[in-house]
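**Student:** So that we are looking at the same thing, I have put the structure below in structure tokens.
Written out as structure tokens, the structure is:
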């Protein structure tokens, strides 16, 4: 069936090379001095993976870590691409799901890699979404006091967020990503062809991290997403690659300025303080995906900003309407059906790793595209906001 296409703004992202599919490959650089690396964005990048790794490898061997669902779709093609380039590959397949980001799986992974003769000059390849990227990156940070790794992200969320910037971590029962390290990859290969197998729900969840960049610092990008967001979620090639490249450029610029989150990088946590608490409240059981939690969190961050008189109510309403229109959650949903209350959610937020001197740091906004970090929010205001949010859902408002 032929679908009529609406006109779009011209793609002004630079095209640095051509992929095997004949489409422009975008190259985003994360400028960190001697640890500078590239993010490659485009289609058909997998076919040339071996050549792309050649400049990184000290010997023709890769230890690849993935998870069951990703392995079923993509592992044979990745292994073939590497072996065709004369690179030996050993693959380790882990269980799927957030539960894999644990001490138990970290220990098993590290010991398995050591038994396979891991050397300091070896390279780990993380093939998967945020769970695999975070776990493998953390293993790379601590094994033999630090080895190299490459990210091959297979979800939209990982391509625009978790694979970039060097944050690696595991979860503990007390909260998400509380045990980890900063450890930058040597390369990120964001092949949009790998996203074709994603369910629509996963694409929507990943989109939450895309629109985040517009909300926190780029009103023009948000305006572009108002027109093109549905095309991004649908996987339309031009819109998708532009959204990924522009998101990566935004994150790369912030990471280059503030690698270890001493200042500006905290803006990337827009929606996450609320979101991580929501994930913890449901026990990381898959009922609420990370991007879905971030979507709700961004809505609440703008609502809190409006409540505090920092931004216009119309801006908060526009954020909510955009997320609602594209099928992302903004309401309390399954939480409203539980006995969970606002005070319990606030207690979960106070365990967040961004708490300083006992105070929660929030990313708030003066307007769409103008976010800032504040540690001076009265917890009573947050509790009142959460209480109103939960009550509205329970009353069907």
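Numbering (the working numbering), first residue to last: 24 to 420.
Quick reminder that beta carbons are idealized off the backbone N, C-alpha and C, glycines included.
What is the DSSP secondary structure of residue 406, counted as helix, strand or coil?
**Tutor:** As a position in the chain shown, residue 406 is number 383, starting the count at 1. Residue 406: helix per DSSP, three-state reduction.
**Student:** If we require 3 or more residues per run, which beta strand (DSSP E) segments fall completely within the segment 113 to 194?
**Tutor:** List check, beta strand (DSSP E) in window: 146 to 151 and 171 to 176.
**Student:** Check whether the segment 248 to 267 and the segment 60 to 72 are in contact - that is, three or more C-beta pairs closer than 8 Å.
**Tutor:** Yes, since at least three Cβ pairs between the segment 248 to 267 and the segment 60 to 72 fall closer than 8 Å, the two stretches touch.
**Student:** Quick one: what does DSSP say residue 60 is sitting in, helix, strand or coil?
**Tutor:** Here residue 60 refers to the residue found at position 37 of the chain shown. Residue 60 falls in the strand class under three-state DSSP.
**Student:** How about residue 269 and residue 188: do their beta carbons lie closer than 9 Å?
**Tutor:** As a first step, residue 269 is located in the chain shown; it is residue number 246 there, counting from the start. As a first step, residue 188 is located in the chain shown; it is residue number 165 there, counting from the start. Against a cut-off of 9 Å, the Cβ pair of residue 188 and residue 269 comes out as no contact.
**Student:** Secondary structure at residue 319, three-state DSSP: helix, strand or coil?
**Tutor:** Taking the first residue of the chain shown as 1, we reach residue 319 at position 296. If DSSP states are grouped into helix, strand and coil, residue 319 belongs with the helices.
**Student:** Please classify residue 62 as buried or exposed, where buried requires at least 16 neighbouring CB atoms within 10 angstroms.
**Tutor:** Indexing the chain shown from 1 puts residue 62 at position 39. Label assigned to residue 62: buried.
**Student:** Is DSSP giving residue 220 helix, strand or coil here?
**Tutor:** The residue labelled residue 220 in the question sits at position 197 within the chain shown. It is helical.
**Student:** Within the same chain, show all residues whose beta-carbon is closer than 8 Å to that of residue 132, passing over the 5 residues directly before and after it, in chain order.
**Tutor:** For the purposes of this step, residue 132 is taken as the residue at position 109 of the chain shown. Answer for residue 132: 88, 115, 117, 158, 159 and 162, listed in chain order.
**Student:** Under the assumption that residue 394 contacts residue 240 (Cβ atoms under 8 Å), give the Cβ distance between them as a whole number of angstroms.
**Tutor:** Mapped onto the chain shown, residue 394 falls at position 371. Mapped onto the chain shown, residue 240 falls at position 217. With a Cβ gap of about 6 Å, residue 394 and residue 240 count as contacting.
**Student:** Alpha helix (DSSP H) containing residue 296: first to last residue?
**Tutor:** On the chain shown, position 273 is the one that residue 296 refers to. Looking at the DSSP string, the run of the alpha helix (DSSP H) that includes residue 296 is 295 to 304.
**Student:** So, helix, strand or coil for residue 45, using DSSP?
**Tutor:** Residue numbering aside, residue 45 sits at position 22 when the chain shown is read from its first letter. Confidence at residue 45 is low in this model, with a pLDDT of 42, below 50, so the placement of that residue is unreliable and no value is reported for it.
**Student:** Considering only the beta carbon of each residue, do residue 267 and residue 317 sit closer than 9 Å?
**Tutor:** Indexing the chain shown from 1 puts residue 267 at position 244. Indexing the chain shown from 1 puts residue 317 at position 294. No.
**Student:** Between the alpha carbons of residue 402 and residue 355, how many angstroms are there, rounded?
**Tutor:** Residue 402 sits at position 379 when you count from the first residue of the chain shown. Residue 355 sits at position 332 when you count from the first residue of the chain shown. Whole-angstrom Cα-Cα distance: 19 Å.
**Student:** Does DSSP put residue 361 in a helix, in a strand, or in coil?
**Tutor:** Position 338 of the chain shown holds residue 361. Residue 361 falls in the coil class under three-state DSSP.
**Student:** When the Cα atoms are used, what is the spatial distance from residue 406 to residue 151?
**Tutor:** Here residue 406 corresponds to residue number 383 of the chain shown, with the count starting at 1. Here residue 151 corresponds to residue number 128 of the chain shown, with the count starting at 1. Whole-angstrom Cα-Cα distance: 36 Å.
**Student:** Any chance the segment 218 to 225 sits against the segment 173 to 182, with 3 or more Cβ pairs inside 8 Å?
**Tutor:** Taking 8 Å as the limit for Cβ pairs, the verdict is that the segment 173 to 182 does touch the segment 218 to 225.
**Student:** Where residue 326 and residue 333 are concerned, what is the direct C-alpha to C-alpha distance, given to the nearest angstrom?
**Tutor:** Along the chain shown, read from residue 1 onward, the residue named residue 326 stands at position 303. Along the chain shown, read from residue 1 onward, the residue named residue 333 stands at position 310. Spanning the two alpha carbons is a distance of roughly 10 Å.
**Student:** Pop quiz: residue 357 and residue 310 are said to be a contact at Cβ under 8 Å. What is the actual Cβ separation, rounded to whole angstroms?
**Tutor:** If you number the chain shown from 1, residue 357 lands on position 334. If you number the chain shown from 1, residue 310 lands on position 287. Confirmed, Cβ separation roughly 6 Å.
**Student:** Of all the CB atoms in chain B, is at least one closer than 9 Å to the CB of residue 408?
**Tutor:** No chain B appears in this structure, which consists of one protein chain only.
**Student:** Relative to the C-alpha of residue 113, which candidate in 98, 123 and 125 has its C-alpha closest?
**Tutor:** Counting from 1 along the chain shown, the entry for residue 113 is found at position 90. The shortest Cα separation from residue 113 among 98, 123 and 125 belongs to 98.
**Student:** Classify residue 45 as buried or exposed, calling it buried when 16 or more other Cβ atoms lie within 10 Å of its own Cβ.
**Tutor:** As a first step, residue 45 must be located in the chain shown, where it is residue number 22. For residue 45, the predicted model reports a pLDDT of 42, less than 50, meaning its position is unreliable and no value from the coordinates is stated.
**Student:** If you draw a straight line from the C-alpha of residue 207 to the C-alpha of residue 404, how long is it?
**Tutor:** On the chain shown, position 184 is the one that residue 207 refers to. On the chain shown, position 381 is the one that residue 404 refers to. For residue 207 and residue 404, the distance between alpha carbons rounds to 37 Å.
**Student:** Have a look at residue 346 and residue 201 and give me their C-alpha separation to the nearest angstrom.
**Tutor:** In the chain shown, residue 346 corresponds to position 323, counting from 1. In the chain shown, residue 201 corresponds to position 178, counting from 1. If you take the alpha carbons of residue 346 and residue 201, they lie about 28 Å apart.
**Student:** Note down the Cα distance separating residue 183 from residue 73, rounded to an integer number of angstroms.
**Tutor:** On the chain shown, position 160 is the one that residue 183 refers to. On the chain shown, position 50 is the one that residue 73 refers to. Spanning the two alpha carbons is a distance of roughly 23 Å.
**Student:** Would you mind reading off the limits of the alpha helix (DSSP H) that contains residue 86?
**Tutor:** In the chain shown, the residue the question calls residue 86 occupies position 63. First-last for residue 86: 84 to 90, but that is the beta strand (DSSP E), not the alpha helix (DSSP H).
**Student:** Whole alpha helix (DSSP H) runs in the segment 325 to 359 with 4 or more residues, listed along the chain?
**Tutor:** Runs of the alpha helix (DSSP H) inside the segment 325 to 359: 336 to 348.
**Student:** Closer than 8 Å is the cut-off here; do at least three beta carbon pairs connect the segment 368 to 377 with the segment 220 to 231?
**Tutor:** They do not touch, by the three-pair rule.
**Student:** Grab me the residues of residue 31's own chain with a C-beta within less than 7 Å of its C-beta, minus the 5 sequence neighbours each way, in chain order.
**Tutor:** Taking the first residue of the chain shown as position 1, residue 31 is located at position 8. Summary for residue 31: the model assigns pLDDT 35, below 50, so the residue's position carries little reliability; its value from the coordinates is reported in the next sentence. Cβ within range, chain order: 251.
**Student:** Would DSSP call residue 234 helix, strand or coil?
**Tutor:** Position 211 of the chain shown, counted from the start, is the residue given in the question as residue 234. If DSSP states are grouped into helix, strand and coil, residue 234 belongs with the helices.
**Student:** Per DSSP, what kind of secondary structure is residue 292 in: helix, strand or coil?
**Tutor:** If you number the chain shown from 1, residue 292 lands on position 269. Residue 292 falls in the helix class under three-state DSSP.
**Student:** What residue range is occupied by the uninterrupted alpha helix (DSSP H) comprising residue 278?
**Tutor:** Translated into the one-based positions of the chain shown, residue 278 becomes position 255. Here the alpha helix (DSSP H) through residue 278 covers 260 to 280.
**Student:** Assuming residue 124 and residue 193 form a contact by the criterion Cβ under 8 Å, report the distance between their Cβ atoms to the nearest whole angstrom.
**Tutor:** To locate residue 124, count along the chain shown from 1; it is residue 101. To locate residue 193, count along the chain shown from 1; it is residue 170. Confirmed, about 5 Å.
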